[in-house]
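So the numbering used here is basically just the index in the sequence shown, starting at one, shifted up by 13.
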Amino acid sequence: MVLFLNIKNPAYYNIYTALTWFWRHIGITTKGLCWLFLWQQSAQAAVQNINILYVQQRQDVSAEPLLLKQAASNKTLAGATLAIDDSNTTGRFLKQHYQLTVVEGSNTGELISQLNALFAAQDAPVAVLVDVPESEFSAISNAVLSHGALVMNVSNRDDALRQSQCRARLLHTVPSRAMLADAMTQYLMSRRWREWFVVAGNTKDDQAYLSALQRAAKRFGAKIVEQKNWSFDTDLRRVAQQEIPLFTQHDDYDVVVVADEQHAFDKYFPGNTWLPRPVVGTEGLVPTGWHWTLEQWGATQLQNRFYSQFAREMTESDYAAWLAVRAISEAVTRTKSVAPGALYDYLISDGFELAAFKGRKLSFRAWSGQLRQPIPLVHPNGLTALLPLDGYMHPVTDLDTLGFDKPEVRCNMAK
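Here is the structure:
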């Protein structure tokens with residue numbers, strides 16, 4: 014129907030004015046709302062979902078040694094959680110949404126069953142952060158790799174995983190024992206502390222750390238003048254001042270190196286050695302992937318954000334999990350893909366670099382999957398040095414003076 018109005022007539026002119034106002038204001042607003050609704054629907058439909066799993070095995074707390082300072086219940090997981098938040102902050106503008114799903118079980122079979130169910134779902138995970146004991150790592154990682162996803166090792170320091178058992182799509186953001194031992198040795202040699210008195214525990218982990226120390230000493234020219242295993246179950250809380258000096262008697266040494274990853278006895282060595290010498294290794298001066306005293310290169314803002322969210326300091330394993338998620342996020346952004354194969358190819362390429370608050374761009378070693386990174390050498394309340402030190406040369410990067418270099422690795426990285 015067509016309506017003709019004689020606007021010269023005052024009555025009709027008022028009707029015309031009202032209709033014009035309605036069209037200009039109400040009509041345009043209505044059309045705008047319709048377009049906004051359609052745009053929102055289109056934007057939501059285009060959001061790319063990136064699913065990441067975090068696998069953790071429940072530990073029998075009753076079997077662990079009684080410690081005055083207990084580990085946080087969200088250790089490692091907290092770092093991944095913060096990284097998911099960081100990734101979604103930037104992902105919001107790139108139509109990316111990151112989701113973290115926690116898989117927890119009391120044994121390997123239970124964990125693998127849950128993993129298989131999640132991989133059968135419509136939105137299968139692109140990567141899995143694995144935080145399980147070393148004895149269970151192989152079975153869990155094999156289960157994940159069988160589905161074609163990436164495995165991000167955030168807690169296992171086993172050197173064999175970087176030297177003889179490395180595999181395609183298996184990446185390590187936690188430093189190996191070899192990296193830690195090499196970093197510490199570079200510092201000791203710079204101070205001319207060449208002669209070591211080494212004390213190691215009897216656990217499998219302690220002996221693995223001892224092997225890394227022996228390798229580092231040979232590599233950089235240090236000398237182990239005395240090596241002893243700590244095999245006692247004595248309660249040292251009252252007798253440390255008597256027992257430790259007797260145990261560390263020797264003609265001379267520059268430093269006492271302890272290998273006690275469970276911290277059953279190493280804490281009693283500082284200040285109690287036969288000769289007044291520094292203690293390094295798992296106690297005293299400690300090489301680690303991260304420490305709460307790091308503050309340069311923007312690290313303070315990461316530390317503050319973590320503390321604000323979790324009310325505690327960020328640990329090495331928290332940082333390793335944070336690195337894993339941020340590496341995946343960077344790869345998704347650069348490749349514009351969620352295919353695990355495409356992400357892996359980019360992560361081990363020369364084009365990948367990750368800004369991680371350590372003063373250097375981090376990258377993965379294509380021959381082992383290990384993340385190159387500087388290693389802080391710390392005491393409980395401060396940073397002593399950040400390794401590698403100047404003067405340790407390498408044809409590619411001095412970061413490869415820490416851990417296993419390409420000629421030392423015997424892995425088949427074929428997909």
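Glycine residues also receive a C-beta, built at the ideal position from the N, C-alpha and C atoms.
Euclidean distance between Cα positions of Gly104 and Thr186: Numbered from 1 along the sequence shown, position 91 holds the residue referred to as residue 104. Numbered from 1 along the sequence shown, position 173 holds the residue referred to as residue 186. In a straight line, the C-alpha of Gly104 is about 22 Å away from that of Thr186.
Over what stretch of residues does the alpha helix (DSSP H) that includes Trp260 continue unbroken? The count along the sequence shown starts at 1 and reaches residue 260 at position 247. As written in the sequence, residue 260 is Phe, which differs from the Trp given in the question. Run containing Phe260: 253 to 260, per the alpha helix (DSSP H) assignment.
Determine the burial state of Leu259: buried for a count of at least 16 other Cβ atoms within 10 Å of its Cβ, exposed for fewer. Reading the sequence shown from its first residue, position 246 is the one you call residue 259. Answer is exposed; the Cβ neighbour count stays below 16.
Distance check for Lys371 and Glu117, CA to CA, integer angstroms please. For the purposes of this step, residue 117 is taken as residue 104 along the sequence shown, with counting starting at 1. For the purposes of this step, residue 371 is taken as residue 358 along the sequence shown, with counting starting at 1. So the alpha carbons of these two residues sit roughly 31 Å apart.
Please say whether Val68 and Leu90 have beta carbons closer to each other than 8 Å? For the purposes of this step, residue 90 is taken as residue 77 along the sequence shown, with counting starting at 1. For the purposes of this step, residue 68 is taken as residue 55 along the sequence shown, with counting starting at 1. No.
Between Ala152 and Asn120, what straight-line distance do the alpha-carbon atoms span, to the nearest angstrom? For the purposes of this step, residue 152 is taken as residue 139 along the sequence shown, with counting starting at 1. For the purposes of this step, residue 120 is taken as residue 107 along the sequence shown, with counting starting at 1. The straight-line gap from Cα to Cα measures roughly 11 Å.
Whole runs of the beta strand (DSSP E) within the region 171 to 222, excluding any shorter than 3 residues: With a minimum length of 3 residues, the continuous beta strand (DSSP E) runs that stay inside the region 171 to 222 are 183 to 185, 208 to 214.
Can you look up Arg423 in the DSSP assignment and give me helix, strand or coil? Translated into the one-based positions of the sequence shown, residue 423 becomes position 410. In this structure, Arg423 counts as coil in the three-state DSSP scheme.
For Pro289, count the other beta carbons within 10 Å of its own beta carbon; 16 or more makes it buried, fewer makes it exposed. Which is it? Taking the sequence shown and counting its residues from 1, the one referred to as residue 289 is at position 276. Residue environment: Pro289 is assigned as exposed (fewer than 16 neighbouring CB atoms within 10 Å of its CB, all protein chains considered).
Using the rule of at least 16 other Cβ atoms within 10 Å of the residue's Cβ for burial, across every protein chain shown, is Ala84 buried or exposed? As a first step, residue 84 is located in the sequence shown; it is residue number 71 there, counting from the start. Flag for Ala84 reads exposed.
Classify Ala352: buried if its beta carbon has 16 or more other beta carbons within 10 angstroms, exposed otherwise. Position 339 of the sequence shown, counted from the first residue, corresponds to residue 352. Taking all protein chains shown into account, Ala352 has fewer than 16 neighbouring C-beta atoms within 10 Å of its C-beta and is therefore exposed.
Does the Cβ-Cβ distance between Arg347 and Ala96 come in under 8 Å? Position 334 of the sequence shown, counted from the start, is the residue given in the question as residue 347. Position 83 of the sequence shown, counted from the start, is the residue given in the question as residue 96. Contact: no.
CA-CA distance, Val293 and Ser203? Counted from its first residue, the sequence shown places residue 293 at position 280. Counted from its first residue, the sequence shown places residue 203 at position 190. The straight-line gap from Cα to Cα measures roughly 14 Å.
Less than 8 Å between the beta carbons of Gln70 and Leu124, yes or no? Position 57 of the sequence shown, counted from the first residue, corresponds to residue 70. Position 111 of the sequence shown, counted from the first residue, corresponds to residue 124. Yes, they are a contact pair.
First and last residue of the beta strand (DSSP E) that includes Gly118? What you label residue 118 is simply residue 105 of the sequence shown in a count that begins at 1. In the DSSP assignment, Gly118 falls within the beta strand (DSSP E) that extends over 109 to 118.
Looking at the structure shown, is Thr414 part of a helix, part of a strand, or coil, going by DSSP? Mapped onto the sequence shown, residue 414 falls at position 401. Per DSSP, reduced to three states, the secondary structure at Thr414 is helical.
Quick check: the Cα distance between Trp305 and Pro389, rounded to an integer number of angstroms? Residue numbering aside, residue 305 sits at position 292 when the sequence shown is read from its first letter. Residue numbering aside, residue 389 sits at position 376 when the sequence shown is read from its first letter. Rounded to whole angstroms, the separation of the alpha carbons of Pro389 and Trp305 is 11 Å.
Assign Glu366 to buried or exposed, taking buried as 16 or more other Cβ atoms, counted over all protein chains shown, within 10 Å of its Cβ. Looking up residue 366 in the sequence shown gives position 353. Its Cβ having fewer than 16 others within 10 Å, Glu366 is exposed.
Coarse secondary structure for Pro353, derived from DSSP in three states: Position 340 of the sequence shown, counted from the start, is the residue given in the question as residue 353. When secondary structure is reduced to three states using DSSP, Pro353 falls in the helix class.
Which ranges does the alpha helix (DSSP H) cover as unbroken runs of at least 4 residues, wholly within the region 319 to 352, from first to last along the chain? Runs of the alpha helix (DSSP H) inside the region 319 to 352: 329 to 348.
To the nearest angstrom, report how far apart Asn242 and Asn285 are at their CA atoms. On the sequence shown, residue 242 is found 229 positions in, with the first residue counted as 1. On the sequence shown, residue 285 is found 272 positions in, with the first residue counted as 1. Roughly 17 Å separates the two Cα atoms.
Where do the ends of the alpha helix (DSSP H) carrying Asn101 lie? Counting from one through the sequence shown, the residue named residue 101 turns up at place 88. Segment 90 to 104, the alpha helix (DSSP H) holding Asn101.
Quick one, which of Pro138, Gln61, Glu296, Gln178 has its alpha-carbon nearest Arg423's? The residue labelled residue 423 in the question sits at position 410 within the sequence shown. When only C-alpha atoms are compared, the closest one is Gln178.
Backbone CA spacing between Ser362 and Asp264 [nearest angstrom]: Here residue 362 corresponds to residue number 349 of the sequence shown, with the count starting at 1. Here residue 264 corresponds to residue number 251 of the sequence shown, with the count starting at 1. Straight-line spacing of the CA atoms in Ser362 and Asp264 works out to 51 Å.
For Tyr222 and Ala337, what's the separation of their Cα atoms in angstroms? Working through the sequence shown from its first residue, we reach residue 222 at position 209. Working through the sequence shown from its first residue, we reach residue 337 at position 324. Answer to the nearest angstrom: the Cα atoms are 24 Å apart.
Are the region 126 to 133 and the region 316 to 331 in contact at 8 Å, needing three or more beta carbon pairs? Touching, no.
Which residue wins for smallest C-alpha separation from Ser189, given the options His407, Gln383, Ser244? Along the sequence shown, one-based indexing puts residue 189 at 176. Here the closest residue by C-alpha is Gln383.
Specify the secondary structure class of Phe132 as computed by DSSP and reduced to three states. For this step, residue 132 is matched to residue 119 along the sequence shown. It is helical.
Can the beta-carbon of Phe278 be found closer than 8 Å to that of Leu249? Counted from its first residue, the sequence shown places residue 278 at position 265. Counted from its first residue, the sequence shown places residue 249 at position 236. The answer is yes: Cβ separation under 8 Å.
Around the C-beta of Ala369, are 16 or more other C-beta atoms found within 10 angstroms, so that it is buried, or is it exposed? In the sequence shown, the residue the question calls residue 369 occupies position 356. Result: buried.
With distances taken from CA atoms, which of Val60, Asn87, Lys88 is nearest Asn101? Position 88 of the sequence shown, counted from the start, is the residue given in the question as residue 101. Comparing C-alpha distances from Asn101 to each of Val60, Asn87, Lys88 shows the shortest one belongs to Val60.
Extent of the continuous beta strand (DSSP E) run through Glu296: Locating residue 296 in the sequence shown gives position 283, counting from the first residue. Here Glu296 belongs to no beta strand (DSSP E), and DSSP marks it neither H nor E.
Is the CB-CB distance between Tyr359 and Ala181 below 8 Å? Along the sequence shown, one-based indexing puts residue 359 at 346. Along the sequence shown, one-based indexing puts residue 181 at 168. No, the Cβ-Cβ distance between Tyr359 and Ala181 is not below 8 Å.
Separation of Asp331 from His276, as counted between CA atoms: Here residue 276 is taken as the residue at index 263 of the sequence shown, counted from 1. Here residue 331 is taken as the residue at index 318 of the sequence shown, counted from 1. Computed Cα separation, rounded: 19 Å.
Measure the beta-carbon distance from Val269 to Val212 and round it to whole angstroms, keeping in mind my assumption that it falls under 8 Å. The residue labelled residue 269 in the question sits at position 256 within the sequence shown. The residue labelled residue 212 in the question sits at position 199 within the sequence shown. About 7 Å; that satisfies the 8 Å criterion.
Do you know how far the Cα of Leu113 is from the Cα of Ala93? Here the question's residue 93 lines up with position 80 in the sequence shown. Here the question's residue 113 lines up with position 100 in the sequence shown. As the crow flies, the alpha-carbon of Ala93 is around 8 Å from that of Leu113.
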